[in-house]
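Heads up: the structure comes next, in structure tokens.
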Amino acid sequence: MSAPVIEKPRLREGAFGNATALSCRECGHQVELGPHYACPECFGPLEIAYDFPRVTREQIEAGPRNIWRYKALLPVPDDIEQSPNTEPGFTRLLRADNLAAELGIADLWVKDDSTNPTNSFKDRVVACALSAAREFGAKVFACPSTGNLANAVAAAGARAGIKTVVFIPSNLEQPKQVNSAVFTDSLVAVEGNYDDVNKLASEIAGEEEGWAFVNVNVRPYYAEGSKTLGYEIAEQLGWRLPDQIVIPVASGSQLTKVHKAFQELIALGLVEDKPYKVYGAQATGCSPVSVAYKAGVDAIRPVKPDTIAKSLAIGNPADGIYVLDICRGTGGAVEDVTDDEVRAGIVQLARTEGIFTETAGGTTVAVLKKLVETGQLDTTLETVVINTGHGLKTLDSVAGAVAPAATIDSSYAAFAATGLA
Ligand SMILES: Cc1ncc(COP(=O)(O)O)c(C=O)c1O
Ligand SMILES: [Zn+2]
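The numbering used here numbers the first residue of the sequence shown as 932 and each following residue consecutively.
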């Protein structure tokens, strides 16, 4: 389906790098590169198809310390670095020995994406969507968002000098609202949940001309940005794939793209082919994929979210069925944890590794713990857990769980009485 929005663009040569077409994930039907997102034959989701040239580790390593070092593998032009953008990526992959010891895991890493320009992995996808929006000549850069995406779109649009309009559920955490409103004068808070906001965005995309909704009508380009998480993890491990990886799931896009990235690296000969297990993490209050996984069914039944993990609160996940395929196909699993476990996950990562994650990361760490406790994860294998966002954006979620150990007057006697010495 074409969004009528962005007028049939005259694309410049090389506008999408080595991308050749849009290909239907369901039936394989191909359409030409454009602002399309659904297959005209079967309404399946469209994905980018490429004709990759030979790419070497040395070429990539000589690139900038951001996602554009992988530009040959993304739907972006060769001169992408010349266009103002937030230059996300190449975040730290940290050994997590303290957390590993607490959980009884031999070999654990945290990919810490909370240090991206607007403090979540969404800067990666937005940078790719911005490039597509530019190439299509879009006038407005927009999104429906559970929070982090709104922050990333608003900031990237400001830097690129393109008008932004971002839509969020009105009950979103206040820091996430401020983190958008500071970059744009067009933050729209919608009374409803994310799925209501998403529906409204699709309607606007169908009505208004020149609007690029990053995760609606330019979604195929946007989603490719998450592949860079997979590329970086492999490169930072010394051009090697981990044995197991735990990834939070909202729409499921990120998880499918990390898997796609690993497959591409294998196909390009950049890493050795080996098995790896992919695990999805959800909060119990919004766990449609985990519920389907545990029931052993293929269909995902939409839910009404009720969880503190608002960034993961997508009740009708677009890529949920592909997450099931990947987690089952690789021998991984999908698991979910309660809000109390999410809070405990946030505090555990903070106190073991000095990383303050948001509720999505709390969910992922808590799921990692549950996977170990339930014997679903092999504790002897090398494991990576992705931290996708920053705790300062969801302070309220742990405000009741952490507090000063004592409030005292400024005398030594008062301090001594606390027993902290
Ligand atoms: C911090 C954070 N982590 C993970 C996700 C999940 O991403 P996806 O929708 O690609 O599954 C989101 C989505 O909004 C997010 O904000
Ligand atoms: Zn199709």
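We put the beta carbon where it would ideally sit given N, CA and C, even for glycine. For clarity, every value in this text was computed on a predicted model and none was experimentally measured.
Item to complete: To the nearest angstrom, report how far apart glycine 1246 and tryptophan 1142 are at their CA atoms.
Response: Straight-line Cα distance between these residues: approximately 25 Å.
Worksheet item: What does tryptophan 1142 pair with, by DSSP beta-bridge criteria?
Response: Val1071
Discussion item. Report the start-end ranges of each beta strand (DSSP E) in the segment 1245–1281 that is 3 residues or longer and not cut off at the edges.
Written reply: 1264–1268
Practice prompt. Using only the heavy atoms of ligand 2, determine whether one of them is closer than 6 Å to the beta carbon of glycine 1263.
Written response: no
Practice prompt. Could you tell me if alanine 934 is buried or exposed, where buried requires 16 or more neighbouring beta carbons within 10 angstroms of its beta carbon?
Written response: Confidence is the limiting factor: at alanine 934 the pLDDT is only 48, short of 50, which leaves the residue's position unreliable, though a coordinate-based value still follows. Buried is the call here.
Fill in: Shell residues, 6 Å Cβ cut-off relative to heavy atoms of ligand 4
Ligand 4 is absent from the structure shown, which contains only ligand 1 and ligand 2.
Practice prompt. Keeping to the same chain, check which residues put their C-beta closer than 7 Å to that of cysteine 970; ignore five residues upstream and five downstream.
Written response: Cys955, Glu957, Cys958, His960, Leu977
Discussion item. Looking at the secondary structure, which residues open and close the beta strand (DSSP E) in which phenylalanine 1193 lies?
Written reply: Element bounds for phenylalanine 1193: not the beta strand (DSSP E) but the alpha helix (DSSP H), 1184–1198.
Discussion item. Comparing C-alpha positions only, which one of Asn1016, Gly1156, Ile1135 sits nearest to valine 1147?
Written reply: Nearest of Asn1016, Gly1156, Ile1135 to valine 1147, Cα basis: Ile1135.
Discussion item. Quick check: the Cα distance between alanine 1112 and lysine 1324, rounded to an integer number of angstroms?
Written reply: 14 Å
Discussion item. Following a CB-centred definition, is glutamine 1185 positioned closer than 6 Å to any heavy atom of ligand 1?
Written reply: yes
Fill in: Beta-carbon proximity list for alanine 1345, same chain, < 7 Å, skipping 5 on both sides
Ile1339
Worksheet item: What number of angstroms, rounded off, separates the C-alpha of valine 1315 from the C-alpha of alanine 1348?
Response: Distance between the alpha carbons of valine 1315 and alanine 1348 is about 43 Å.
Worksheet entry | Helix, strand or coil at asparagine 949 [DSSP, three-state] | coil
Worksheet item: What is the DSSP secondary structure of glutamine 990, reduced to helix, strand or coil?
Response: helix
Fill in: Cβ-based burial, alanine 1297 [other Cβ within 10 Å; buried from 16]
buried
Worksheet entry | Beta-bridge partners of histidine 1321, as assigned by DSSP | Assignment of beta-bridge partners to histidine 1321 by DSSP yields Thr1288.
Discussion item. Would valine 1265 and glycine 1211 be called neighbours here (beta carbons separated by less than 7 Å)?
Written reply: yes
Discussion item. Please state the DSSP three-state secondary structure of cysteine 973.
Written reply: coil
Item to complete: Pull up the distance between the alpha-carbon of leucine 1326 and that of glutamate 1284, whole angstroms please.
Response: A direct Cα-to-Cα measurement between leucine 1326 and glutamate 1284 gives close to 18 Å.
Worksheet entry | Reduced DSSP category for isoleucine 1176 - H, G, I as helix; E, B as strand; rest coil | strand
Discussion item. Taking its Cβ as the centre, do 16 or more other Cβ atoms sit within 10 Å of cysteine 973, making it buried, or is it exposed?
Written reply: Cysteine 973 is exposed by the Cβ-count criterion.
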